[in-house]
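Novice: Below are the C-alpha cells for one structure; questions will follow.
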Amino acid sequence: MAPDDTSDKIYRILQTLQSINKSDTDTDTGRLFAYAYDAGDSQIKELALDAYRMFADKNALDFTVFRSAVFFEKEISHRLKKWLNAPESAMGVFTAGGTESIMIAALSAREHFKKQGKAGTPEILAPHTIHPSMSKAAFYLGMHIRKIPVDNEGKVHVLQLLQAITENTALIALSAPNWTYGTVDPISEISAVAASKGIPVHVDACMGGMVLPFLRMNDHPVPAFDFQIPGVQSISVDFHKFGYAPKGASMVLFRTAEYAAGCMYVDAHSPGYVLVNRAALSTRSVGHLAATYAVLEFIGEEGYKLYANQISETFQLFKKTFEKLGFQIAIPSVPIVLTAFNPNADIANFALNMKKKGWVLHVLKKYGNDVIPASIHLTINPVHNRVIDEFTCDATQALEEDSGIYISEIQKNPQLFIQKLITGDLDAMLIPLVIDYVPDHMATEVIKQKVSDWFKS
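Mapping of the sequence shown onto numbering that gives the first Met the number 0: position 445 corresponds to residue 444, and the numbering continues sequentially without gaps.
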C-alpha cells in the first residue's frame, strides 16, 4: 500500500472513530455519577495511557518471559497490603475488574470448603445489597447463594445472617461499602462468629477500597472493614474506580498465600505448555498492570488522602443541594455514595429531565415494604466539585418540568412495560423502578431478548 493510501485510510478510520465516540456520554464533563471515576487531573489519564502503550504487547500469560508482570503485581500488592492492614503473609492477585475479583474470591472459598472434606453444595451467604457479580460467581462455580435482607440503614440483618449458617456455608460475603446505598455491613460482628466456625469472610471493597483507608487517615469515622478483623480472609478492591487507573484494574488480597492458591489453575500435562493462571483470564496485557502501577506511584498516599477529603467535601455540597430542593437522604452512608428521595416529586420524572440536560444519574427501586424508598443515586468524585452550581440550576428546573413518562401507569401494567422495553420507548435507566412488577422469569427473558437484539450484527 502506497504511503498516501495508508495515511488516507488512517484518516478515514480515525474520522469514523470520532463519529462513533460522539454517541457516548463524554466522561470528561463531570456530568456522570456512575461508570466513570474522575479525579479531575488530566495528567493521570495521560500517564496511564503512556504506561499502557509501553507494555501493551507484553503478555502476562507467561510471566517467566515478561517479568515486568511479576514486578508490577508485587508492587501494587505491596501498597494495598499497607492500606488494608494486611499481614506479611497476604498475597494479592491482579484481575481485570471487580467481577473477576469476586469470582476468584468465591473460587478460593469453594476450594477451601472442598479441602475440609465437605460433600454438600457449597453456599454463599450475603446481603441483598451484595454486588450481583457474587450471584454470577455462584452461577459459574456451581455454588448456591442465599441472600439476607438489609435493615432500614442499608446494612445486613446480623442475626438473620448468623441464623442462616449451615454446614454447607462456604463463604460469607459482605460489602465495604455496597454500591447500592454506600453502607458498610457489620463486618466485625459477623466475622467473629464466622471465624469461630471456620468460615471465611470476603469483603467486597471494590467501591471503598481506595477511599476508606484514606478517609480513615484523615480522621474521618470509618467502620472496621479490613484485615484488622481476624475473620476476614479476602478483600476485593478496584483500582479503576477511586484509584483512578484505566478500566481493567482490580485486585483480590488474600490473607495467606495458601488461601490464595485456591484460585490458581495449573495444567502441568498439556502437550503444548504448562498453563498457570492465578486468576480467571489467561492472555492479558501487561499494560493494565503498568498503567495501574504508574497511577498509584503518581498519586501516592498523600494524593489519595487529598482526594478522599475532596470527595467528602463534595458529598456534603451535593447533600445540601438536595436538601434545599426538598429531597431527603435515603440512607446515611460513607461519603462516596449519595442516595436521596423527594416525597413530593416523581424521581423517574426528575431523573429523565436531568438526563435531557446531559446528566447521568441512577435511580434505585424501593427496597422491601418501603423500608427504603425509591431514590436517586450519585457516586461522588472530586471532579463533581466543579459542576455543583450547574447541577443545582438544572436540578431546580428538572423538578418543575414534565418528562411525559408516568412510571406509576407502567408499574400497574407489566405488559405495557414489556412493550415499551421491546420498542425502545422506555429509557433503560427506569427499568429498576418497574422490573419488580413483572414476573421474574418473564423479566429476565425480555431483557435477554432486548440485549441480544442490540448486539445483532
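By construction, the Cβ of each residue, glycine as well, lies at the ideal position given by its N, Cα and C atoms. What you are looking at is a predicted structure, and each value in this text was computed from that prediction instead of being measured.
1) If the criterion is Cβ atoms closer than 8 Å, does the pair K354 and M428 meet it?
2) Smallest Cα separation from L377: which of W178, P413, G325?
3) Would you say the region 37–48 touches the region 390–397, given that touching needs at least three Cβ pairs under 8 Å?
4) Flag this pair as yes or no: are the beta carbons of V157 and I189 separated by less than 8 Å?
5) Rounded to the nearest angstrom, what separates S407 and S374 at their Cα positions?
6) Which runs of the beta strand (DSSP E), 3 residues or longer, sit entirely within the region 364–411?
7) Thinking C-beta only, is M142 closer than 8 Å to P126?
8) Scan the region 106–162 and note each continuous beta strand (DSSP E) run of 3 residues or more that stays entirely inside, going in chain order.
9) So, is T94 buried or exposed, given that buried needs 16 or more other C-beta atoms within 10 angstroms?
10) Measure the C-alpha to C-alpha separation of K318 and S311 and round it to an integer number of angstroms.
11) Under 8 Å, do I123 and A105 count as touching if we go by C-beta distance?
12) Would you decide whether Q232 is buried or exposed? Buried here means 16 or more other CB atoms lie within 10 Å of its CB.
13) Measure the CB-CB distance between F253 and A137 and report whether it falls below 8 Å.
14) Report back the beta-carbon spacing between V433 and Q410 to the nearest angstrom; my notes put them in contact at under 8 Å.
15) Determine the direct distance from the alpha carbon of A293 to that of W82, and round the result to whole angstroms.
16) Closest by CA to D266, which one among V275, A260, A259?
17) Considering only their Cβ atoms, is the gap separating D401 from N341 smaller than 8 Å?
18) I'd like to know whether the C-beta atoms of R30 and V362 end up nearer to each other than 8 Å.
19) Between D203, D150, L288, which lies nearest to P245 when the distance is taken from Cα to Cα?
Specialist: From the atom records:
1) yes
2) W178
3) no
4) yes
5) 15 Å
6) 374–378
7) no
8) 122–126, 143–147
9) buried
10) 11 Å
11) yes
12) buried
13) no
14) 6 Å
15) 17 Å
16) V275
17) no
18) no
19) L288
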